[in-house]
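In our numbering, each residue's number is its place in the sequence shown (first place is 1) plus 256. Note that the Cβ used here is the ideal one computed from N, Cα and C, for glycine as well. Below: the structure, in structure tokens.
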Amino acid sequence: MAGSVSAQGADVIAGDITGPSFWGGLNGVSAYSIGTESCNIGDVDLLWDDTTSDGTPANLHPLMSQNMFRMKDGRFEQIGQSWLKHAFFAIQGSGLCAPTCDAHPTGDALGPGCNDPYSSGLNGSQSGLGPKFEVNAATGAYPWPFTGDGQTGNVLYKRIQVDNDDLNPSMNAGAMYFGEGHYVTPDDAAAGNDNNNASYRRINIGSFSSGGYNANFTGSTMRGSPAIQAWQDFDGSVVLNSLDVPNDGRFWIGYKTSDNGDGTWHYEYAIYNLNSDRSGGSFRVPIGNGVTVTNIGFHDVDYHSGEPFDNTDWTGSVVGNEVVWNSPADFNTDPNTNALRWGTLYNFRFDADAPPQSVDAVLGMFKPGAQTDYNVPGAGPEGADCLADVNGDGAVTPTDFTAWVNAFNNNLPECDQNGDNACTPTDFTAWVANFNAGC
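Structure representation (structure tokens):
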């Protein structure tokens, strides 16, 4: 939990999340924006420069991302995202995250210990919102002027957009909702302090009016915790781990398993890309021998308002001894395909007729780099012992005969193919039968 001034260098967090503002609805979609009050918990000024008149670049100010999430029936899904608010002036407030504020004399930086409020109305002002596609969240870099500067549109344009069916109380019994504010800025990233930039707060959904649903925050802001943390905070069976990609950014990987009560188990994953520019392009979960997988599913959040990214869903299938999901294309084929980019959470799920065991799931990167795949802790269905797979490589091939001969010659446990707790020549006949039966 982020709090008082302690970090080396500039360090921005969302010290408070306010609002939200409900702007109305259109075509079955509600529009929202979320207020964010920043705190500089670092020990140097946090740059807040959005003008070139002082002889310095204008792309040295924070950007604020706004997201909404729903927790329902054991699942945690992102249901909306906004464009990015470009900050323009830092008010040197005090008392929110630190007892004192070392105020900067002008509004082009936020002093150590100081806080600066941007209301939900301001963060929903369309003219000051820029797209996510031109931002590298790992470095905080972005161009100036930004695409869409000064442009406005209908009630939905650039704001958090949520399908009304995801909010309708009659369709979402027992659901919980959360809002997230997330800062991206160059000097914070350069100081290595960008993994605490997101905070979340619970949302209550209200009555229907003006084509959408009213909403209000409840409870406290969870500083320095991305919204995926709420899944574990409100469901103790969820396992949550982080993955830091070297010289890039951080992912959060959450999962839970549940017994369906009919001889099958449900496997539910949520992966949140906090600030990785390389992004996610594939996800794989190992499954045991002889396991039957059904109900493979995927969920993402749509881009909108002219962002160039494709919204085509990832495909999921069983490939060998894995459940595999892939983005619609690789980076070289289509750099604007649907990848797991920063500030978004994607879900991967399936049912299987075997109980869970600990496995290493694999998150594959979308953009090229020194390493393509990263192992992450997960859960997958365990399989029945495959006696014919003597070398344990997950496949039944002629090389297993060589492995069985070695087991026979050395009286190893794998020699016993007929279950009589002995290693004898009759086990060769049993191995042939097991080989022919497959696994």
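Can you list, in chain order, the residues of its chain with a C-beta nearer than 7 Å to that of A431? Leave out the 5 residues immediately preceding and following it.
As a first step, residue 431 must be located in the sequence shown, where it is residue number 175. Apart from the 5 residues on each side of it in sequence, A431 sits with its Cβ closer than 7 Å to the Cβ of R326, M327 and K328 in its chain, given in chain order.
Report the partner residues of W521 according to the DSSP bridge assignment.
Stepping through the sequence shown from its first residue, residue 521 is reached at position 265. W521 is bridged to D515 and A608.
In angstroms with no decimal places, state the Cα-to-Cα distance between V688 and D629.
Within the sequence shown, the letter at position 432 stands for residue 688. Within the sequence shown, the letter at position 373 stands for residue 629. One Cα belongs to V688, the other to D629, and the distance between them is close to 36 Å.
Is the beta carbon of V494 sitting closer than 8 Å to the one on K512?
Walking along the sequence shown from the start, residue 494 turns up at place 238. Walking along the sequence shown from the start, residue 512 turns up at place 256. Yes, Cβ-Cβ distance for V494 and K512 is below 8 Å.
Rounded to the nearest angstrom, what separates M257 and G271 at their Cα positions?
Taking the sequence shown and counting its residues from 1, the one referred to as residue 257 is at position 1. Taking the sequence shown and counting its residues from 1, the one referred to as residue 271 is at position 15. With a pLDDT of 39 at M257, under the threshold of 50, the modelled position of this residue cannot be trusted; read the value that follows with caution. Cα to Cα, M257 sits roughly 11 Å from G271.
Just list the residues that DSSP pairs N603 with in beta bridges.
As a working mapping, residue 603 is identified with position 347 in the sequence shown. DSSP lists A526 and H555 as partners of N603.
Taking the alpha carbon of L499 as the reference point, which residue from G291, Y528 and T520 has its own alpha carbon closest?
In the sequence shown, the residue the question calls residue 499 occupies position 243. When each option's Cα is compared against that of L499, the closest is Y528.
Who are the near neighbours of T658 in its chain, counting only those whose CB is closer than 7 Å to its CB and skipping five residues on each side?
The residue you call residue 658 lines up with position 402 of the sequence shown. So no residue of the chain qualifies.
Pull up the distance between the alpha-carbon of G259 and that of D645, whole angstroms please.
Taking the first residue of the sequence shown as position 1, residue 259 is located at position 3. Taking the first residue of the sequence shown as position 1, residue 645 is located at position 389. A caution first: G259 carries a pLDDT of 48, below 50, which makes its placement in the model too unreliable to give a value.
Roughly how many whole angstroms lie between the Cα atoms of T356 and I509?
Taking the sequence shown and counting its residues from 1, the one referred to as residue 356 is at position 100. Taking the sequence shown and counting its residues from 1, the one referred to as residue 509 is at position 253. So the alpha carbons of these two residues sit roughly 36 Å apart.
If you draw a straight line from the alpha carbon of D421 to that of H317, how long is it in whole angstroms?
Along the sequence shown, one-based indexing puts residue 421 at 165. Along the sequence shown, one-based indexing puts residue 317 at 61. The straight-line gap from Cα to Cα measures roughly 36 Å.
Would you mind listing the beta strand (DSSP E) stretches within the segment 440-481 that are 3+ residues and don't spill past its ends, in chain order?
Complete beta strand (DSSP E) runs here, min 3: 454-465 and 468-478.
W487 and P611: beta carbons closer than 8 Å?
Numbered from its first residue, the sequence shown carries residue 487 at position 231. Numbered from its first residue, the sequence shown carries residue 611 at position 355. No, the Cβ-Cβ distance between W487 and P611 is not below 8 Å.
Indicate whether the contact test is met: 3 or more Cβ pairs, each with one atom in the segment 339-347 and one in the segment 382-391, closer than 8 Å.
The segment 339-347, when compared against the segment 382-391, does touch it at the 8 Å Cβ threshold.
Does the beta-carbon distance from G437 to I273 come in below 8 Å?
Numbered from its first residue, the sequence shown carries residue 437 at position 181. Numbered from its first residue, the sequence shown carries residue 273 at position 17. Contact: yes.
Where does I347 fall in DSSP's three states?
Here residue 347 refers to the residue found at position 91 of the sequence shown. Coil, per DSSP.
What residue from P373, D607, V300 and L352 has the CA that sits closest to F554's CA?
Counting from 1 along the sequence shown, the entry for residue 554 is found at position 298. Looking at the Cα atoms, D607 is the closest of the given residues.
Which complete alpha helix (DSSP H) runs does the segment 370-421 hold, if anything under 4 residues is left out?
376-379
Rounded to a whole number of angstroms, what is the C-alpha to C-alpha distance between Y602 and G409?
Here residue 602 corresponds to residue number 346 of the sequence shown, with the count starting at 1. Here residue 409 corresponds to residue number 153 of the sequence shown, with the count starting at 1. When rounded, the distance between both Cα atoms is 28 Å.
Using a Cβ-Cβ cutoff of less than 6 Å, which residues in the same chain neighbour N392 once the five nearest sequence positions on both sides are dropped?
Translated into the one-based positions of the sequence shown, residue 392 becomes position 136. Here the set comprises D533.
Between the Cα of G562 and the Cα atoms of S277, N451, D676 and L412, which residue gives the shortest distance?
Residue numbering aside, residue 562 sits at position 306 when the sequence shown is read from its first letter. Looking at the Cα atoms, L412 is the closest of the given residues.
Can you tell me the Cα-Cα spacing of Y433 and G380, whole angstroms?
Within the sequence shown, numbered from 1, the residue matching residue 433 stands at position 177. Within the sequence shown, numbered from 1, the residue matching residue 380 stands at position 124. Between Y433 and G380, the C-alpha separation is close to 19 Å.
Can you tell me where the beta strand (DSSP E) holding W581 begins and where it ends?
Here residue 581 refers to the residue found at position 325 when the sequence shown is read from its first residue. Where W581 is concerned, the enclosing beta strand (DSSP E) stretches over E578 to N582.
Can you grab the Cα-Cα spacing for the pair I543 / E390, in whole Å?
Here the question's residue 543 lines up with position 287 in the sequence shown. Here the question's residue 390 lines up with position 134 in the sequence shown. Straight-line Cα distance between these residues: approximately 38 Å.
Tell me whether D310 is buried or exposed, calling it buried when 16 or more other Cβ atoms sit within 10 Å of its Cβ.
On the sequence shown, position 54 is the one that residue 310 refers to. It counts as exposed.
List the whole-angstrom C-beta distance separating D267 from L366, where the pair is believed to meet the contact cut-off of C-beta under 8 Å.
On the sequence shown, residue 267 is found 11 positions in, with the first residue counted as 1. On the sequence shown, residue 366 is found 110 positions in, with the first residue counted as 1. At roughly 11 Å, the Cβ-Cβ gap does not stay under 8 Å, so D267 and L366 are not in contact.
Compute the distance between the beta-carbons of R415 and W279, then report whether it is under 8 Å.
Working through the sequence shown from its first residue, we reach residue 415 at position 159. Working through the sequence shown from its first residue, we reach residue 279 at position 23. A distance below 8 Å separates the beta carbons of R415 and W279.
Taking the continuous beta strand (DSSP E) assigned at T292, which residues delimit it?
On the sequence shown, residue 292 is found 36 positions in, with the first residue counted as 1. From DSSP, the beta strand (DSSP E) with T292 extends over V285 to N296.
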